[in-house]
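What follows is one structure encoded as structure tokens, with my remarks underneath.
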Amino acid sequence: MAETIGDIINDPICSFAKGEERGVHLLKQLILFAPNSEAAFELRQQIEDEVGHEEIFNTRLKDLDIDCEGLSKNLNSLYDYAQTCVDEKDWVKSVSVQAVIEELAMASFIYRYPELDEKTQTVLKKVIEDEKRHLAFCLNQLEKFADSDSRARTEEVHKNAISIMMAAAEQEGLSKDQLNDAREIMKKAYFLHNSRLKKIGIALPKVSFARTKLL
């Protein structure tokens, strides 16, 4: 486990704080090919949420005198992959990778939550509640577009996203403790997300987190 509040927040909370800006950029593009006005309205609300998250994260980090190191490699790679899905203007694939990011963010925040000070916990409570709503929207959209072709594309996206995260988690430079933390967070996110997707008939590939490889 990380030993200082700076370590705890930089790994991985700081990364998601930095990721809010990229998230807003992607959501603004996603609105342009939303399937209906209701979906577009929800995305506008999400943009407001993400901008608000960035503000409260930055304020709290400034109060703690913590200088973020920036996006982690796995999160940066996920956002890059999300951009390719958005560039294709594929609604199902774009919403699928957004769901992965939302789930991973929640798992990261919940994993670190007990180690944080009360004020930072208050910030995370607000963010986690918003992320739950964003994830629910993604799952609702995947269920609405749950024909066989859409399911195949959704499963493809999740398999690719998991591969990206696994490869990045093995990146050179992570300490043993950091790698263990990354595996624990991914494991929690995977099992939660898998249980949600099963309810709408979508299957995730099996993963061994002991060696972080797809089976």
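Quick note on the numbering used here: the sequence shown kicks off at 160 and runs consecutively. Yeah, the Cβ is synthetic: ideal placement off N, Cα and C, and Gly gets one too.
Please state if the CB of E290 and the CB of A264 are separated by a distance shorter than 8 Å.
Position 105 of the sequence shown, counted from the first residue, corresponds to residue 264. Position 131 of the sequence shown, counted from the first residue, corresponds to residue 290. Yes, Cβ-Cβ distance for A264 and E290 is below 8 Å.
Does the region 177 to 190 come into contact with the region 265 to 283, if we say contact requires no fewer than three beta-carbon pairs (one atom in each stretch) closer than 8 Å?
Contact fails: fewer than three Cβ-Cβ distances are below 8 Å.
Rounded to the nearest angstrom, what separates R310 and A362 at their Cα positions?
Numbered from its first residue, the sequence shown carries residue 310 at position 151. Numbered from its first residue, the sequence shown carries residue 362 at position 203. Rounded to whole angstroms, R310 to A362 spans 9 Å at the Cα level.
Return the first residue and the last residue of the alpha helix (DSSP H) that K284 is part of.
For the purposes of this step, residue 284 is taken as residue 125 along the sequence shown, with counting starting at 1. Note, K284: alpha helix (DSSP H), 277 to 303.
Pull up the distance between the alpha-carbon of K318 and that of S196, whole angstroms please.
Along the sequence shown, one-based indexing puts residue 318 at 159. Along the sequence shown, one-based indexing puts residue 196 at 37. Each residue's alpha carbon lies about 30 Å from the other.
Using only alpha-carbon positions, find the residue among E228, D226, S255, C227 that is nearest to Y240.
Working through the sequence shown from its first residue, we reach residue 240 at position 81. If we check each option's Cα against that of Y240, S255 comes out closest.
Please check the pair I359 and L298, which I expect to be a contact at CB under 8 Å, by giving their CB distance rounded to whole angstroms.
Position 200 of the sequence shown, counting from 1, holds the residue named residue 359. Position 139 of the sequence shown, counting from 1, holds the residue named residue 298. Going by Cβ atoms, the distance from I359 to L298 rounds to 7 Å, so yes, they are a contact pair.
Near L189, which residues of its chain fall below 7 Å by C-beta distance, leaving aside the five closest residues on each side in sequence?
For the purposes of this step, residue 189 is taken as residue 30 along the sequence shown, with counting starting at 1. Within the same chain, L189 has close Cβ partners L202, V245, S253.
What residues in its chain sit with their C-beta under 8 Å from that of L230, if we drop five residues either side in the sequence?
Counting from one through the sequence shown, the residue named residue 230 turns up at place 71. Closer than 8 Å at the Cβ level, and outside the excluded window around L230, lie S174, K177, G178, R181, Y238.
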